[in-house]
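> Numbering (the working numbering), first residue to last: 864 to 1078.
We treat Cβ as the ideally placed atom computed from N, Cα and C, and that holds for glycine.
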Amino acid sequence: MANRSERVSVVIADDHPVYRSGLGRTIAQRPELNLLAEAESGREALDAIREHTPQVAVVDLKMPDLDGLAILNAVKRENLETKVVMLTGYAEGETAYEVMAAGAAAYISKTSEPGTVCETITTVARGGTYLAPEFHGALADQIKLRATDSGPILSDREQEVLRLTAGGNSVAKIGEHLHLSAATVKTHLQHTYRKLGVSDRAAAVAEAMRRGLME
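1. Helix, strand or coil: which one does DSSP assign to Val947?
2. Output needed for Val987: all residues of its chain with C-beta closer than 7 Å, excluding positions within five of it in sequence on either side, in chain order.
3. DSSP state of Val1061, grouped into three classes?
4. Any idea if Arg1073 is buried or exposed, counting beta-carbon neighbours within 10 angstroms, 16 or more meaning buried?
5. Considering Ala902, what are the terminal residues of the beta strand (DSSP E) in which it resides?
6. Output the boundary residues of the beta strand (DSSP E) element that contains Ser872.
7. Whose C-beta lies closer than 6 Å to the C-beta of Val1028 among residues of the same chain, with five residues either side of it excluded?
8. Would you identify the three-state DSSP class for Glu929, choosing helix, strand or coil?
9. Put Ala969 into one of helix, strand or coil per three-state DSSP.
10. Taking Cβ positions, are Leu1025 and Ala1071 nearer each other than 7 Å?
11. Out of Val962, Pro880, Gly1031 and Thr958, point me to the one whose CA is closest to Ser904's CA.
12. Between Ala876 and Met926, how many whole angstroms is the CB-CB distance? I'm expecting something under 8 Å.
13. May I have the straight-line CA-CA distance separating Asp928 from Gln1022, to the nearest angstrom?
14. Is it the case that the Cβ atoms of His1051 and Glu957 are separated by a distance below 7 Å?
15. So what does Asp923 bridge to, in DSSP terms?
16. What separation, rounded to the nearest whole angstrom, lies between the Cα atoms of Leu813 and Glu961?
17. Just the Cα atoms here: how many angstroms apart are Gly1030 and Ile1037?
18. Closer than 7 Å by C-beta to Glu944: which residues in its own chain qualify, once you throw out the five before and the five after it? Chain order, please.
19. Closer than 7 Å by C-beta to Ala891: which residues in its own chain qualify, once you throw out the five before and the five after it? Chain order, please.
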């Protein structure tokens, strides 16, 4: 077994207790890894990273308080040496692009085997990066899409969501109309806000109209 000082130090963060505890047990059993802390919210995760300065933090993209991207941005802003492995339950190319562009060391699905997560931790601790194979095609599509226009681009779905938002529809109503979950509608809105450089629905609608994106 590796000496404690030679093992890769890890913090994990996920608001689903069953998943978090299962992953924690797997990491604790690996001789090359050293689990320092577990967190169930974004703020707890960032506090744990600041306190323990692990080599690797495994962070769920969707969490209370702060999401995974906010945690990643804070780690980069504060020049912390921790490398972030992002977990997701959503196979969206746009999100994969944003996460990797923001500086994540890896992006993997929560459906991955625990052993794969552990191998990813080791890979990034050694300076590597990893993108789960199921995201390759979607990420390539995003790169091609963004290469065609240097300005912000709204996907067809994002434009649909924004048009329905402009009509005064709630998230629930939009989801019902487009046969999407409320969480997916909110994700599309967040992507739209980032692309347009705004922080709320009213500003997004106004900016989209100004740019001629809602004709």
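Looking at the coordinates:
1. To locate residue 947, count along the sequence shown from 1; it is residue 84. Here Val947 sits in strand by DSSP.
2. As a first step, residue 987 is located in the sequence shown; it is residue number 124 there, counting from the start. Hits under 7 Å: Val919, Lys946, Val948, Ala968, Ala969 and Tyr993.
3. By one-based count along the sequence shown, residue 1061 stands at place 198. If DSSP states are grouped into helix, strand and coil, Val1061 belongs with coil.
4. Taking the sequence shown and counting its residues from 1, one reaches residue 1073 at position 210. So Arg1073 ends up on the exposed side.
5. Residue 902 sits at position 39 when you count from the first residue of the sequence shown. From DSSP, the beta strand (DSSP E) with Ala902 extends over Leu896 to Ala902.
6. Here the question's residue 872 lines up with position 9 in the sequence shown. Val871 to Ala876 is the extent of the beta strand (DSSP E) around Ser872.
7. Start at 1 with the first residue of the sequence shown, and residue 1028 comes out as number 165. Val is not the amino acid found at residue 1028; the sequence shown has Thr there. Result list for Thr1028: Arg1064, in chain order.
8. Within the sequence shown, residue 929 is the residue found at index 66, counting from 1. First, the amino acid is wrong: residue 929 is Leu here, not Glu. Three-state DSSP puts Leu929 in coil, outside helix and strand.
9. In the sequence shown, counting from the first residue as 1, residue 969 sits at position 106. Strand, per DSSP.
10. As a first step, residue 1025 is located in the sequence shown; it is residue number 162 there, counting from the start. As a first step, residue 1071 is located in the sequence shown; it is residue number 208 there, counting from the start. Yes, Cβ-Cβ distance for Leu1025 and Ala1071 is below 7 Å.
11. Translated into the one-based positions of the sequence shown, residue 904 becomes position 41. Answer by Cα proximity: Pro880.
12. In the sequence shown, counting from the first residue as 1, residue 876 sits at position 13. In the sequence shown, counting from the first residue as 1, residue 926 sits at position 63. Contact between Ala876 and Met926 holds, since their C-beta atoms are separated by about 7 Å, short of 8 Å.
13. Taking the sequence shown and counting its residues from 1, one reaches residue 928 at position 65. Taking the sequence shown and counting its residues from 1, one reaches residue 1022 at position 159. Answer to the nearest angstrom: the Cα atoms are 27 Å apart.
14. Here residue 1051 refers to the residue found at position 188 when the sequence shown is read from its first residue. Here residue 957 refers to the residue found at position 94 when the sequence shown is read from its first residue. Result no, Cβ atoms of His1051 and Glu957 do not sit closer than 7 Å.
15. To locate residue 923, count along the sequence shown from 1; it is residue 60. According to DSSP, which records beta bridges pairwise, Asp923 is partnered with Leu950.
16. The chain is shown only over 864 to 1078; residue 813 falls outside these bounds and no answer can be derived.
17. Here residue 1030 refers to the residue found at position 167 when the sequence shown is read from its first residue. Here residue 1037 refers to the residue found at position 174 when the sequence shown is read from its first residue. Going by the C-alpha atoms only, they are around 10 Å apart.
18. If you number the sequence shown from 1, residue 944 lands on position 81. For Glu944, where only same-chain residues beyond five positions count, the Cβ hits under 7 Å are Thr916.
19. Looking up residue 891 in the sequence shown gives position 28. Excluding residues within five positions, the ones whose Cβ falls inside 7 Å are Leu898.
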